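The working numbering puts the first residue of the sequence shown at -7, with every later residue one more than the last. Where is the CB? At the ideal position from N, CA and C, for every residue including glycine. No experiment lies behind these values; they were computed from the predicted model shown. Below you'll find the structure, written out as structure tokens, and then a few comments.
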Amino acid sequence: ARVMLEPQLGAALNATLTDAWVENLVGPLTKSVSKALAESSESILKTELLQHVTSQVTASFTRTVTRTLGHVLGRALSRNPIDDYYCYYCREHQIFCEACQKGVQHGANYDQASTV
């Protein structure tokens, strides 16, 4: 009878241990792995999204700043400082107003040409 009891006891013990192992280890392990995967993929997605948005904003910002600075520098370099002198005297003393007006017109022509 002892020989017959041992295989049955071994099988029952094996089944009980297997059930306990599955319940106590596999469930929490699966939960931990799933949580870690979700957190790491969320982090990866955030990083990828941030990199994409940053690259798009940087490209757009660079174009805008380059265009603006190009226009401002072009306008500043094309101006004749004597026009400021003439316009100051026109404003303050009502002389050189014709020369001031020519300078203002030249600036307006430059602005119009640079926007085309």
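Under the three-state reduction of DSSP output, Ile36 falls in the helix class.
If you draw a straight line from the Cα of Cys79 to the Cα of Phe88, it is about 7 Å long. Within 10 angstroms of the beta-carbon of Asp75 lie 16 or more other beta-carbons, which makes it buried. Between Glu40 and Gln93, the alpha-carbon positions lie close to 55 Å from each other. The beta carbon of Gln43 sits closer than 7 Å to no other beta carbon from its chain once the five residues preceding and following it are set aside. Look at Phe53 here: in three-state DSSP terms it is helix. When only Cα atoms are considered, Gly95 and Lys38 end up about 54 Å apart.
In the three-state DSSP reduction, Gln86 falls in the coil class, being neither helix nor strand.
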